[in-house]
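For reference, the structure is listed below as structure tokens.
Written as structure tokens, this is what we have:
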């Protein structure tokens, strides 16, 4: 028997690196599509807690030790071992669900989360997330204007600075306050 799934191709940009990624996204939620994963509901509970903590964090990143602590008391008092949690984190990094910053010993949302889960994140955590004023996509990991608190991806702000270099000054697109070139 042939089983069909509904999917679409999407393009997204990594918040941290600015690198473009292409992804096929399942657009149908049914019993068949739920079988197309290597992860258990318990693994998903851990992943949802990581996303929640990343989204509500001040800078869009989470220390590795804080990530590992999230594996305790996931559902109905169940705990996951630190070894299991480390293996899942490694897998999610290799699959681009998360990015690992080894220099700062932290994690950020990976491009797959931005591409595949941005609508979910906006609907669940709307009060805690911003949209980049320049590219109009989800912005968890970014910089803010000191004057008006508008949020921008670092790579979007750099592109604006480069394109404005001939003008001699760079202004926030929202409040028009002057920015120092970085």
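Residue numbers (the working numbering): 8 to 189. Heads up, the beta-carbon is just placed ideally off N, CA and C, and yes, glycines get one too.
Just to confirm the assignment, what range does the beta strand (DSSP E) spanning residue i have?
{"i": "residue 19", "result": "14-20"}
{"i": "residue 46", "result": "Run containing residue 46: none; DSSP gives neither H nor E here."}
{"i": "residue 108", "result": "105-108"}
{"i": "residue 148", "result": "Residue 148 -> no beta strand (DSSP E), and no H or E assigned at all."}
{"i": "residue 113", "result": "113-116"}
{"i": "residue 32", "result": "27-33"}
Would you mind working out which of the options sits nearest residue i, comparing C-alpha positions?
{"i": "residue 46", "options": "19, 139, 151, 96", "result": "96"}
{"i": "residue 94", "options": "135, 69, 50, 185", "result": "50"}
{"i": "residue 48", "options": "82, 22, 103, 107", "result": "82"}
{"i": "residue 179", "options": "71, 141, 69", "result": "141"}
{"i": "residue 59", "options": "30, 105, 165", "result": "105"}
{"i": "residue 89", "options": "75, 80, 98", "result": "75"}
{"i": "residue 107", "options": "137, 69, 122, 136", "result": "69"}
{"i": "residue 135", "options": "149, 99, 176, 62", "result": "62"}
{"i": "residue 191", "options": "85, 117, 186", "result": "Because residue 191 is not part of the residues shown, which for the chain are 8 to 189, the question remains open."}
What span of residues does the alpha helix (DSSP H) with residue i cover, start to end?
{"i": "residue 74", "result": "71-76"}
{"i": "residue 133", "result": "Careful: residue 133 lies outside any alpha helix (DSSP H) and carries neither H nor E."}
{"i": "residue 97", "result": "89-101"}
Between residue i and the rest of its own chain, which residues show a CB-CB distance below 7 Å, the 5 nearest in sequence each way excluded?
{"i": "residue 27", "result": "18, 20"}
Does DSSP classify residue i as helix, strand or coil?
{"i": "residue 163", "result": "helix"}
{"i": "residue 63", "result": "helix"}
{"i": "residue 140", "result": "coil"}
{"i": "residue 9", "result": "Low per-residue confidence applies at residue 9: pLDDT is 49, beneath 50, and the placement is therefore not dependable enough to give any value."}
{"i": "residue 183", "result": "coil"}
Less than 6 Å between C-beta atoms, sequence neighbours within five positions excluded: which residues of the same chain meet that for residue i?
{"i": "residue 25", "result": "162"}
{"i": "residue 71", "result": "112"}
{"i": "residue 31", "result": "14, 16"}
For residue i, I'd like the list of residues in its chain whose CB is within less than 8 Å of its CB, leaving aside the five on either flank, ordered along the chain.
{"i": "residue 9", "result": "Confidence in residue 9 is poor, its pLDDT being 49 and thus under 50, which makes the residue's placement unreliable; the coordinate value appears in the next sentence. Answer for residue 9: no residue qualifies."}
{"i": "residue 155", "result": "179, 181, 182, 184"}
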